[in-house]
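Residue numbers (the numbering used here), protein chains in the order written: chain A, 489 to 619; chain B, 489 to 619.
There are 2 protein chains.
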Amino acid sequence: MLNLYDWLDKVRWSDHGLVAAIAQDASSGRVLNLAWMNREALARTVETGEAHYWSRSRRKLWRKGEHSGHVQKVKSVRLDCDEDVILLEVEQQGGIACHTGRQSCFFRRLDNGDWVSVDPVLKDPHEIYGR
Amino acid sequence: MLNLYDWLDKVRWSDHGLVAAIAQDASSGRVLNLAWMNREALARTVETGEAHYWSRSRRKLWRKGEHSGHVQKVKSVRLDCDEDVILLEVEQQGGIACHTGRQSCFFRRLDNGDWVSVDPVLKDPHEIYGR
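Spelled out as structure tokens, the structure:
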């Protein structure tokens, strides 16, 4: 019988049942964030076309943008050679992936021995999430 | 006294002393690979300007390209908002990051419920590594 989830079995889940997932902006090419997925998060991502992750700290599934509206529409899903990292090509709604209100979570650059914020805050987090 | 390694202390190392590190090609924007770094790997990466990683399976430090010549020259080092993921912008020597001889390790794309290799092999791995 056809197993519709064979592709999920091909992923090498960690001992904790997770894989790292990188989101890359389809238009700018910026790497936006790295988060974790369990089997359900990856299945839902593919089924709904919106990025879902597993929060290790809160121990729950979350749909990226569920509070902020900054949903990630998934254009493609890739797997690496070791089969333990996912790469999502996404259309980032609102142009903001980071909870700090920046386009990308990678807004700090090492510069003369210090991490320096080099990307602008596009929207105040209080405005994004309410108080 | 000035501590030249303060920036290393600002990274949130996992319980195993590691962070995930993503390499992105500076010219094409392709995400090339995700590997792991311990403190020494990150320090050497910055000191030498060439990507060093920690192999979890072999339990040793490696300089990317030490056998293949496919060294990654580091143009910038970024840190994410949670301070536990590194993003390297690199010039990929030889244009090949993957041990399979492809530009990127993310050469498989999910397509109709299966992972399909969609990127060409640029150089036979036997040629890269010898037999």
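Just so it is clear, CB atoms sit at the ideal spot from N, CA and C, and this is done for glycine as well.
With DSSP as the reference, label residue i as helix, strand or coil.
i	result
Gln591/B	coil
Ala514/B	coil
His614/A	helix
Trp495/A	helix
Arg547/B	coil
Ala508/B	strand
Glu535/B	helix
Are residue i and residue j touching if we call contact CB-CB under 7 Å?
i	j	result
Gln591/B	Gly583/B	yes
Arg566/B	Arg518/A	no
Asp572/A	Val507/A	yes
Gln560/A	Ala539/A	yes
Cys593/A	Asp494/B	no
Arg544/B	Leu496/B	no
Val562/A	Gly537/A	yes
Got a sec? Which residues, its chain only, sit under 7 Å from residue i by beta carbon, not counting five neighbours each side?
i	result
Tyr541/B	Ala509, Ala523, Trp524, Met525, Ala529, Trp550 and Lys552
His614/B	none
Ser564/B	Glu577
Asp513/B	Leu520, Val578 and Gln580
Ala511/A	Leu520, Asn521, Ala539, Gln560, Leu576, Val578 and Ala585
Leu610/B	Gly583, Ile584, Gly589, Arg590 and Gln591
Lys498/A	Glu571
Leu492/B	none
Val534/B	Val565
Less than 8 Å between C-beta atoms, sequence neighbours within five positions excluded: which residues of the same chain meet that for residue i?
i	result
Asp612/A	Gly589
Ser556/A	Gly582, Ile584, His587, Ile616 and Tyr617
Pro608/B	Arg590
Lys548/A	Trp542
Ser502/A	Asp572
Would you give the residue range spanned by the alpha helix (DSSP H) that residue i belongs to?
i	result
Ala523/B	From DSSP, Ala523/B is part of no alpha helix (DSSP H) but of the beta strand (DSSP E) over Val519 to Met525.
In terms of residue numbering, what span does the beta strand (DSSP E) encompassing residue i cover?
i	result
Trp603/A	Asp602 to Ser605
Lys563/B	Gln560 to Leu567
Arg597/A	Arg596 to Asp599
Ile574/A	Val573 to Gln580
Within a Cβ cutoff of 6 Å, which residues of the same chain sit near residue i, ignoring the five residues on either side of it in sequence?
i	result
Trp603/B	Arg596
His504/B	none
Val606/A	Arg597
His558/A	Gln581, Gly582 and Ile584
At a cut-off of 6 Å, is residue i close to the ligand GTP when judged by its beta-carbon and the heavy atoms of the ligand?
i	result
Glu571/B	Annotation note on the ligand GTP: not contained in the displayed structure, which lists no ligands.
Quiz item: Which of the residues in the segment 511-523 of chain B, read from start to end, lie with their CB under 9 Å from any CB of chain A?
Solution: Within the segment 511-523 of chain B, the qualifying residues are Gln512, Ser516, Gly517, Arg518, Val519, Asn521 and Leu522.
Quiz prompt | the segment 556-586 of chain A: positions lying closer than 7 Å to chain B by Cβ | solution = Ser564, Val565, Arg566, Leu567, Asp568, Cys569, Val573, Leu575 and Cys586
Quiz item: Taking any Cβ of chain B, which residues in the segment 594-617 of chain A have a Cβ under 8 Å from it, in chain order?
Solution: Phe594, Phe595, Arg596, Arg597, Leu598, Gly601, Asp602 and Trp603
Practice problem: Closer than 8 Å, Cβ to Cβ, to anything on chain B: give me those residues from the segment 494-509 of chain A, in chain order. | Solution: Asp494, Trp495, Lys498 and Ala508
Self-check item: Selection of the segment 533-554 of chain B by Cβ proximity to chain A, strictly under 9 Å
Solution: Val534
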